[in-house]
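Numbered by the numbering used here, the letters in the sequence shown go through residues 56 to 399 in order.
A virtual CB, placed ideally from N, CA and C, is assigned to each residue, including glycine.
None of the values given here were measured: they were computed from a predicted structure.
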Amino acid sequence: MSYQCLIVRSKADWDYYVKRAHNYEVYHTWYYHSLNLEGEPVLFIYEEENLFIAFPLIKRKITGSSHYDMTSVYGYAGPISNVDFKDISQSTIQDFKVEFSRFLEAEQCVSAFTRLYPFLNQQYLLEHIGGVYPNGSTIYMDLSLSIEEQRSRYDKRLKRQIKKLREMGYVIKNAVDESEIAEFTRMYHKNMDRLGANKSYYFDEKYFTGLLNSNEFENELVLIYDGSEMICGALILVSGNVVRNHLSATSEKYLKESPSKLLTDEISLIGRRLGKKIFHLGGGVGGKEDSLFQFKSYFSDLRINDRIWCYVSDQHIYNELLHKNGFEINQKSTYFPAYRQTKA
Numbered sequence: 056m057s058y059q060c061l062i063v064r065s066k067a068d069w070d071y072y073v074k075r076a077h078n079y080e081v082y083h084t085w086y087y088h089s090l091n092l093e094g095e096p097v098l099f100i101y102e103e104e105n106l107f108i109a110f111p112l113i114k115r116k117i118t119g120s121s122h123y124d125m126t127s128v129y130g131y132a133g134p135i136s137n138v139d140f141k142d143i144s145q146s147t148i149q150d151f152k153v154e155f156s157r158f159l160e161a162e163q164c165v166s167a168f169t170r171l172y173p174f175l176n177q178q179y180l181l182e183h184i185g186g187v188y189p190n191g192s193t194i195y196m197d198l199s200l201s202i203e204e205q206r207s208r209y210d211k212r213l214k215r216q217i218k219k220l221r222e223m224g225y226v227i228k229n230a231v232d233e234s235e236i237a238e239f240t241r242m243y244h245k246n247m248d249r250l251g252a253n254k255s256y257y258f259d260e261k262y263f264t265g266l267l268n269s270n271e272f273e274n275e276l277v278l279i280y281d282g283s284e285m286i287c288g289a290l291i292l293v294s295g296n297v298v299r300n301h302l303s304a305t306s307e308k309y310l311k312e313s314p315s316k317l318l319t320d321e322i323s324l325i326g327r328r329l330g331k332k333i334f335h336l337g338g339g340v341g342g343k344e345d346s347l348f349q350f351k352s353y354f355s356d357l358r359i360n361d362r363i364w365c366y367v368s369d370q371h372i373y374n375e376l377l378h379k380n381g382f383e384i385n386q387k388s389t390y391f392p393a394y395r396q397t398k399a
């Protein structure tokens with residue numbers, strides 16, 4: 056079967072494909088990729104007469120080398136298509152693999168990585184191109200259930216805590232101006248300081264403002280106030296069938312009260328008002344069942360597998376980069392690409 060491949064770097068062409076996909080996220084859009092500071096947004100297109108596969112990535116320079124690698128944006132990305140991946144023929148998948156490998160070679164890319172979107176069947180396309188690996192599980196709410204049934208799944212203690220928080224007289228509202236975005240950003244950065252977070256998590260005010268661009272997205276910045284004091288907030292991303300808490304923060308002064316529990320319950324109501332089917336809470340840091348995962352598990356017992364995809368397109372150069380950076384090839388290491396890991 057005849058096909059063509061395109062390398063897209065412009066907004067108009069990028070949007071043309073993404074908006075024709077049968078399921079896509081904010082994470083797949085050109086605008087979201089344009090907010091990334093790691094490298095250049097690139098969209099690889101494989102297209103047959105009645106089918107296309109679009110793979111959004113970030114092309115990064117490898118320091119001290121003439122080569123590059125591809126990675127995904129922060130969040131859940133991976134390839135999208137106008138058909139379900141499980142319905143794509145093996146011959147098409149093989150042709151895609153050949154052309155994607157040629158694309159990486161032409162772009163002088165040594166490897167490629169992406170975190171997969173758990174509500175698509177991307178593994179059917181990628182499991183024989185490099186490797187698809189488990190990354191723990193991720194938690195979600197089914198918003199097609201009645202609100203009573205949804206809340207019946209909450210941890211019993213959590214239900215009492217949310218009821219008490221709703222009786223506190225806190226005001227829940229959407230951000231309406233730049234000053235509120237700036238205040239939320241400061242609160243978010245203080246949270247990252249307290250957690251000792253990696254610098255990659257320190258998103259700036261421009262990033263938050265960009266995600267609230269009403270011409271591109273339906274996203275909302277939901278805030279909780281105690282009188283005139285902002286005490287908690289979350290930037291929620293709104294896609295076709297899904298709403299999710301993308302980034303959130305709580306004032307250190309109110310950590311004991313835990314208004315984030317009230318906020319999470321409120322986001323589920325917002326999702327219902329918007330007609331969404333799923334509230335994706337996400338998982339723990341790095342796929343671990345940590346304290347963050349435990350907090351989310353109080354709201355729902357629904358799980359779905361989280362996966363990552365790793366592909367070495369030039370093993371020789373990959374090994375050279377490992378040795379150059381002082382690393383030996385360690386088959387037990389899960390860090391990818393290994394040459395970018397920090398020395399212990």
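When the five nearest sequence neighbours on each side are left out, the beta carbons in the same chain lying within less than 8 Å of the beta carbon of Y262 are those of L90, in order along the chain.
The residue among E160, L290, K66 and D356 with its C-alpha nearest the C-alpha of S207 is D356. A289 carries a strand assignment under DSSP once its states are collapsed to helix, strand and coil. With contacts defined by Cβ atoms closer than 8 Å, H83 and I135 form a contacting pair.
Considered as a whole, the stretch 103-166 harbours 145-161 as its complete alpha helix (DSSP H) runs of no fewer than 4 residues, in chain order.
Secondary structure note for R75: it is in no alpha helix (DSSP H), with a DSSP letter that is neither H nor E.
Going by DSSP, H371 is part of the alpha helix (DSSP H) stretching over Q370 to K379. Counting every other CB atom within 10 Å of its CB across the protein chains shown gives R362 a total of 16 or more, marking it as buried. F158 sits away from L180, with the two beta carbons spaced by 8 Å or more.
Per DSSP, Q177 lies in no beta strand (DSSP E) segment and is marked neither H nor E. Beyond the five residues adjoining it in sequence on each side, E273 comes within less than 6 Å, by CB distance, of V293 in the same chain, given in chain order. In the structure shown, T319 adopts helical secondary structure according to DSSP, grouped into three states. For secondary structure counted as the alpha helix (DSSP H) over 4 or more consecutive residues, the stretch 291-362 holds these complete runs in sequence order: 314-328 and 346-352. Distance from the CA atom of D70 to the CA atom of L98, rounded to whole angstroms, is 10 Å. In the DSSP annotation of this structure, the continuous segment of the beta strand (DSSP E) that includes M196 starts and ends at G186 to D197.
Across the set L329, Q177 and T305, the C-alpha of L329 shows the shortest separation from the C-alpha of V298.
Contact holds between the stretch 158-170 and the stretch 118-137, because three or more Cβ pairs, one in each stretch, are under 8 Å apart.
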